[in-house]
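So the structure is just underneath, and the comments pick up after that.
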Amino acid sequence: MVSLFTLLGAISLDLSSSFERWRNTEKALQEFSSCENLLAFRFIVLLQEERDLCCWDQAARRNGSWQTQLLEKLNSLCRETEEALYSKNHQCKEEKGSACRIYITKMRQRLNNTRDIEPGVVLSGVISELLEAFDSPNEDLITVRSNPDWADVMSLRLILRIKEVVLRAHEMPKASPPPRSWQSAWQPITTILNYAIFTSENTQTCWMENMNLSRYFTHYEGISLLIPFLGSSPPIPSRGLAKELNDVQSCLLQKGHEKLHRKSKEIVSTISLKITLLVIACLIYPIVLVSFKQMTDWIQNYARSLKERTEDLKRERRLAEDLLHQMLPKSVAKQLRKHKHVQAENYDQVTIFFSDIVGFTSIAASCTPLQVVEMLNNLYNCFDTRIESYDVYKIETIGDAYMVVSGLPERNGEKHADEIAKMSLDLVAAVRQVLIPHMPTGRLQLRAGIHTGPCVAGVVGYKMPRYCLFGDTVNTASRMESTSLPQKIHISSATYHALLMDDAYEIELRGEIEIKGKGKMKTYWLLGNKNYSVQNDSLVCHWNPAISRKKKMEKSLMSAQQSSTGTMGAVLSERSTLASQDGTGSASHTRVNSDLAWTAGSSISDAGRELKNGSHHSYSQSLKNNIAPLGSPVSGQGDNGASLDQGEYLGDYGSGLLEKNGFLPGFVDGM
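Taking mature numbering (1 follows the signal peptide of the UniProt record, and there is no 0), I'd label the letters of the sequence shown as residues -18 to -1, 1 to 653.
Put into structure tokens, the structure is as follows:
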């Protein structure tokens, strides 16, 4: 609607301007078409001719016959003029009365009152009255400023006045130079005439068509001007000059009328066209407006839909990228999206972490596959959430095995061992918080191994590509995990030396153990961090400022744990020897480790709880009671052949859980 009102306002202003121009043109045309003005022009010409005759006919002046002759000529002029004007100008028929009769009546009265006065004086007075009926030159100038079409009217009146001045100067006694009155009258009139010639093309054309008058013109910088305007002397008044001015008057009367009439018709046509277009616009605009609004609504809806689809596409793309980045490193995924071949990359130093669930085979055998999936999903959701706090990259999970590396694909200098160490402490603490849905009283135990060394990383396969690590470092880290104990973090010498750089960890020597494919290796237990403690209800390591006050209480527990470890090591060595003699190999060795690890975990857990509750005096007895059965066989098969009696061990293990704020077995309370 605003656009409609704007359009109507613009058209209204334009129509108003057009109507104003038409009114100005009609006003000027009215002066040319008015019967009264045309009669006045003819009367002035006739009176000027009669005045000239009376001046030469002395007999007519003496007997007064010139008055009768003048009235007869006026009557004859009226008849001729009425016939000519009425046939051409319909407007003359509509005028009330006859202007010609009025002029004759006034003329008769004037002659009767001035019988004793010279005829020339009488006629000059009548001519002056007729000229004064028109506007003065100054008034015409003011009108021309607002109405340019009035220039022809002003020029016509000026020529009448100039001709009257010329004739009066001609009737004066001959003198050379011309009388001063002629010069004083000629100068202001020609000044205005110059302006009229400049503004009226018709006046200039009619003046230049007369050969005698054109010589009074000069051209100054492309502008045609009368010579008197430049300070030259005026032309000598004569009958010839008056006749030439009369020709200019007739020419201007004809050309001015034609021009104004033509312009009036053009303006009327333009106004009619604009009004027609306005009506058509008013009729069509609502339809166009409705169509435009519908089209605009459709475009807006389409743009909104396109924006929503674009946002959905971006969201889906982000989800796809996030999923891809969970399967492959970002740098590798970026190259694969560009259809580039991913080159394998060598890394000088990385730290690899392996872990698995103690007794997973036995636990999995006691539940349905769906329950196994639910349990592993809970476990790995917990692990995946915790490792986000560290500069590590998860490689894969196979069953209960969990593999993490630090130092690739983005190198982090010497921080890789520290990041894996902190993460492993956190995961060992976190696994105790994971519930087994089908075993509410049972708890999981983690066995972890860490090794530091070089490796090669690359993408293997085209369909379902996998980011894999290759090298002896991977095998060694796996051996560290397979030879570890429940809730223990087994580290190699390389990792031990990497962690010594910060001297921030509690590390215990395990000794030299036989590693499959490696022989004897000197390994260590990662017990904790000197500056952090891992709480059961924590997601990350928390700073513990009271760590120094608990060092004395740790010593008794650590000595007991070392004794327990030594006892288990002896039994483990014995069973390993027996198993190797029987030809069972590493599978039997792993099974024995699992049995002992599960039982030892329960024993150390109970001991830790007693120590935490302040029962230091009963610790030795409790430890003996729990370690005593290690030499006897247990029922059930655990992970990799490990024995597990759910009724005996899971129950005891569940009843021996730590308090919510208690510390985990295998860790000093200051960690």
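Beta carbons: idealized from backbone N, C-alpha and C, even for Gly. Remember, it's a predicted structure, so these values are computed and weren't measured experimentally.
In chain order, what residues of the same chain lie with their CB nearer than 6 Å to the CB of residue i, ignoring the 5 residues before and after it?
i	result
V(-17)	none
S475	K504
W132	A10, T125, V126
L138	L234
S538	Note that S538 scores 46 on pLDDT, short of 50, meaning its location in the model is unreliable and no value can be drawn from it.
F23	none
Does the Cβ-Cβ distance between residue i and residue j come in under 9 Å?
i	j	result
I281	I334	no
V104	R90	no
L59	F14	no
V148	A224	yes
Y478	M309	no
I471	L407	yes
D484	D373	no
D134	L234	yes
R33	S106	yes
C188	K241	no
I171	L227	no
F336	A430	yes
I377	L409	no
R461	K500	yes
L451	V387	yes
By alpha-carbon positions, which one of the options ends up nearest to residue i?
i	options	result
I380	F342, A411, G222	F342
Q331	E396, L123, P419	E396
K498	S464, D484, K470, P130	S464
K512	A430, Y449, K404	K404
M421	M385, C349, F452, N94	C349
A151	T173, Y177, Q30, V230	Q30
R(-12)	A263, K88, T187, V135	Checking the sequence shown, residue -12 turns out to be Leu, not Arg. L(-12) has its Cα closest to that of A263, out of A263, K88, T187, V135.
S344	S337, V354, F336	V354
R414	N457, V386, N360	N360
D229	M462, L142, D338, L426	L142
T367	A412, S337, M385, A383	A412
Q469	R299, L451, W507	W507
D382	G424, L428, L491, T423	L428
Y85	E18, Q231, L306	E18
L426	G453, E226, C364, K241	C364
I489	K502, I495, G510, A480	G510
R5	I253, L301, Y284, E496	I253
L481	H398, P419, R492	H398
K88	E62, V386, K312, N57	N57
CB-CB under 8 Å to residue i, same chain, minus the five flanking residues each way: which ones, in chain order?
i	result
Y329	G389, L390, R393, P436, C437, V438, A439
R3	I249
L318	L310, V324, V441, P447
K534	With a pLDDT of 38 at K534, under the threshold of 50, the modelled position of that residue is not reliable, and the figure given next carries that caveat. Correct list: empty, nothing qualifies.
K245	T7, D131
E303	A315
T455	V332, I334, H433, T434, G435, P436, C437
List the residues that DSSP assigns as beta-bridge partners of residue i.
i	result
R448	V442
V332	G435
G493	T505
S337	Y384, A430
N511	Y487
E327	A439
Quick one: what's got a C-beta closer than 7 Å to residue i's C-beta in the same chain, skipping five residues either side?
i	result
D(-5)	K256
A610	At A610, the pLDDT of 36 sits below 50, so the modelled position is not reliable; the number obtained from the coordinates is stated separately. So the list is empty, once near-sequence residues are dropped.
F116	R139
R531	In this prediction, R531 has a pLDDT of 37, which is less than 50 and means its spatial position is unreliable; what the coordinates show is noted afterwards. Correct list: empty, nothing qualifies.
Please indicate yes or no: does the CB of residue i lie closer than 8 Å to some heavy atom of the ligand ZN?
i	result
L409	Questions concerning the ligand ZN fall outside what the structure shown contains, since it holds no ligand whatsoever.
Where in the segment 354 to 425 do unbroken runs of the beta strand (DSSP E), each at least 3 residues long, occur, reported from the N-terminal end onward? Whole beta strand (DSSP E) segments, 3+ residues: 375 to 380, 383 to 388, 421 to 425.
Just list the alpha helix (DSSP H) runs in the segment 455 to 479, keeping only unbroken ones of 4 residues or longer that don't cross its boundaries, in chain order. Entirely contained in the segment 455 to 479, not one alpha helix (DSSP H) run reaches 4 residues.
Return the chain-ordered ranges of every alpha helix (DSSP H) run that is complete within the segment 77 to 154 and spans a minimum of 4 residues. Those alpha helix (DSSP H) runs which fall completely within the segment 77 to 154 and span 4+ residues are 81 to 95, 101 to 114, 119 to 128, 132 to 153.
Inside the segment 271 to 318 only - beta strand (DSSP E) runs reaching at least 3 residues: If we require 3 residues or more, the segment 271 to 318 turns out to have no beta strand (DSSP E) run fully inside it.
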